[in-house]
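Before any comments, here is the structure.
Numbering (this note's numbering), first residue to last: 11 to 176.
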C-alpha cells in the first residue's frame with residue numbers, strides 16, 4: 011500500500027497564507043484553536059474563503075470537515091462548502107444542513123488533472139462559522155482510513171472514532 015496523504019498542507023489551519031477571502035470587504039478570515047474562522051456580514055452574498063489544491067490528478071476524492079456556528083446563519087445557495095476548478099466550475103457541494111451536524115463528507119470526481127479550489131462560504135448575515143479537522147484525500151485512501159477506524163489525521167494528530175482497525 012502506498013502512503014495515505016491528507017492533501018491539505020495545513021489540515022490544522024494556522025493562517026500561514028493558504029486561505030484567502032474572494033471579497034475581503036464582505037467576509038473576514040481568522041484562525042484560532044486549529045480552526046478556520048469565517049465571519050460574514052449582513053450583505054455577504056457569494057463571498058467565500060478559499061485555498062487551492064494544486065495539480066490534483068483525475069479521480070475520485072473525499073473532502074471532510076467539521077463546521078460549527080453558535081448562531082443560525084444562512085448561506086449563498088444554501089451551501090457551506092464547494093469544490094471547484096480554477097474557473098469556479100463546481101465539482102461538488104456541501105449543503106448548509108451539514109452545519110453543526112458533526113463531520114461533513116463530500117465525495118466528488120475530478121475529471122482531469124487540474125488545480126482545484128476548496129471554498130467555505132461566508133454566512134449571509136452577521137455570524138461566524140468555524141471549520142476544522144479538514145481532510146482532502148483520494149476516495150481509496152479515505153476508504154482505507156475508515157477501515158482502520160480513522161476519521162481524520164493531520165500528520166501530528168489522529169481522530170479515531172471506530173476502533174475496529176489497527
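Positions of the beta carbon are idealized from the N, C-alpha and C atoms, including for glycine.
Can you tell me whether residue 136 is buried or exposed? The criterion is at least 16 other CB atoms within 10 Å of its CB, across all chains shown. exposed
Taking the alpha-carbon positions, what's the residue 16 to residue 81 distance? 30 Å
Residue nearest to residue 21 in terms of C-alpha spacing, selected from 149, 124 and 141: 141
Go through its chain and collect everything with a Cβ distance to residue 74's Cβ below 6 Å, but skip five positions before and after it. 113, 115 and 145
Beta strand (DSSP E) containing residue 146: first to last residue? 137-148
Below 8 Å on the Cβ atoms is my guess for residue 124 versus residue 66; work out the distance and round it to an integer in Å. 7 Å
Could you tell me the distance, in whole angstroms, from the CA atom of residue 40 to the CA atom of residue 160? 28 Å
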